[in-house]
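Listed in order, the protein sequences are those of chains A and B.
Each position in the first sequence, counted from 1, maps to that position plus 1038 in this note's numbering.
Each position in the second sequence, counted from 1, maps to that position plus 1038 in this note's numbering.
Beta carbons: idealized from backbone N, C-alpha and C, even for Gly.
2 protein chains.
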Amino acid sequence: MNKHEIRLPKTKVGQKSFKKIIKAGKLLYGKAGYNSTSINDIISKAKVAAGTFYIYFDSKLALYLYLLDEYGHNIRRTATEATRNCLTRYEMEKAGLKAFIMYVKEDPLAYKLVWESLFVDPVIFKEYYTNFASSYINHLRPYVENGEIRDDIDLETVSYILMGISNFVGLQIVFNEKATENDVDFVVEESMKLLNEGIFKKHRT
Amino acid sequence: MNKHEIRLPKTKVGQKSFKKIIKAGKLLYGKAGYNSTSINDIISKAKVAAGTFYIYFDSKLALYLYLLDEYGHNIRRTATEATRNCLTRYEMEKAGLKAFIMYVKEDPLAYKLVWESLFVDPVIFKEYYTNFASSYINHLRPYVENGEIRDDIDLETVSYILMGISNFVGLQIVFNEKATENDVDFVVEESMKLLNEGIFKKHRT
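Set out below in structure tokens:
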């Protein structure tokens, strides 16, 4: 028996309650953290009847997994939309990086939700990033084959590096409360310089 | 009145109790997380008398801040030792990256401790990385001046990128339970290729 299942609402009233629970969960997991948040806290914050939570979610883990999954989908959809008209992998990395940073700039809870999995269950954390890396490798490989990306570099390492750059340059922007879209464009440009030619002068030929 | 002060032990017996508390705190903050861990949990895990905790720490936040500070010092000391005999910034980045990954490979709690600050107090999280970035910028600048690092790239962005690479290539190794020092050397080499020349072929000259 799976105790972490979710059941999507079938009525408009149900959708409203479902959304309230999602919103409350995001707020509370983001603020106090998963381990410190009880189902009662969520019910109380969402202002739904006590039994309503269980109509949709088996447990607070079920709600957390739903939120993490939703976030993963959002990030991927945002990246897909942003890169739709790109002709080269260079353009795709650039547009994807900007889209990621703009997303976390609007919703810094994104970091909390993913990194919180370290405390919810390290297996979830590992799966989140290993799945993301696998997907990244598959997206990069055709560009090694068509000659845009060098063929003498390990794509798994490149995938983790690209995830690291997105996440940390994202933090650079999130830390600056006054950051504008121009600032995002700036750090994206600087990141692309590095991806393009590295940072060292004398080693470049 | 500062409620987050710590007082170091002055006797050998005191040092023993202090170490027990440190060890218990690290274990519990790392497992359940800061918010779910009470001082009683720590006292009980450390097997010290109830009042002993307060001889050294004003609060559980004081203990957390001590652990975070200790970790920050360890990481910097490890990097300093590893890079002591390096003649170029290239060699320093390479040795520093390896030292960081070897450190988190031995002690994956390192990630938890730092990222947990998002839930303890986002200000601590922000300060941890902004301080680290400032220090990184200061260490990079002389190598822009001596011509080893290109002078047409923003050093703040480079600092966040380098932190991102360390953290995520570190995860790549931590996720692989069978990873050896050879595997660490491999991902370090691949990362240095990227820092050296980027990932794109056609944009390289």
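{"query": "With distance defined between alpha-carbon atoms, name the residue in B:K1132, B:S1082 and B:K1164 nearest to V1207 (chain B).", "result": "B:K1132"}
{"query": "Note down, one range per segment and in chain order, each beta strand (DSSP E) of at least 3 residues found wholly within the segment 1041-1065 of chain A.", "result": "none"}
{"query": "Output, in sequence order along the chain, the residues in the segment 1148-1168 of chain B whose CB is closer than 7 angstroms to any CB in chain A.", "result": "Y1149, K1150, W1153, L1156, F1157, K1164, Y1167 and T1168"}
{"query": "Spell out the partners DSSP gives I1187 (chain B) in its beta bridges.", "result": "A:F1238"}
{"query": "Taking K1143 (chain B) as the reference, which of B:N1205, B:I1060, B:P1160 and B:Q1053 has the closest Cα?", "result": "B:N1205"}
{"query": "At a Cβ cut of 7 angstroms, what residues of the segment 1045-1072 of chain A count as close to chain B, listed as they run along the chain?", "result": "A1070 and G1071"}
{"query": "If I measure Cβ to Cβ from R1179 (chain A) and keep anything under 8 angstroms in the same chain, skipping five residues before and after, which residues do I get?", "result": "L1193"}
{"query": "Mind reading off the beta-carbon distance from L990 (chain B) to Y1067 (chain B)? Whole number of angstroms is fine, and I expect it under 8 angstroms.", "result": "The structure shown does not extend to residue 990 (chain B), since chain B is modelled only from 1039 to 1243, so the question has no answer here."}
{"query": "Per DSSP, F1013 (chain B) forms a beta bridge with which residues?", "result": "In the structure as shown, chain B starts at 1039 and stops at 1243, and residue 1013 (chain B) therefore has no counterpart that could be examined."}
{"query": "Buried or exposed, going by whether 16 or more other CB atoms sit within 10 Å of the CB of G1249 (chain A)?", "result": "Because chain A is modelled from 1039 through 1243, residue 1249 (chain A) falls outside the range shown and cannot be assessed."}
{"query": "Have a look at B:Y1149, B:I1191 and B:N1214 and flag the residue whose alpha-carbon is nearest the alpha-carbon of E1228 (chain A).", "result": "B:I1191"}
{"query": "Note down, in chain order, each residue of its chain lying with its Cβ closer than 7 angstroms to the Cβ of L1233 (chain A), except the 5 sequence neighbours on either side.", "result": "E1131"}
{"query": "Which residues does DSSP pair with F1095 (chain A) in a beta bridge?", "result": "A:I1044"}
{"query": "Output needed in chain order: residues of the segment 1120-1141 of chain A with a Cβ under 7 angstroms from some Cβ in chain B.", "result": "Y1128"}
{"query": "Rank A:H1042, A:I1139, A:S1076 and A:P1047 by C-alpha distance to the C-alpha of D1096 (chain A) and give the top, closest one.", "result": "A:H1042"}
{"query": "Rounded to whole angstroms, what's the CA-CA distance from S1055 (chain A) to V1086 (chain A)? Just pull it up for me.", "result": "7 angstroms"}
{"query": "Which two residues bound the contiguous alpha helix (DSSP H) that contains S1076 (chain A)?", "result": "Careful: S1076 (chain A) lies outside any alpha helix (DSSP H) and carries neither H nor E."}
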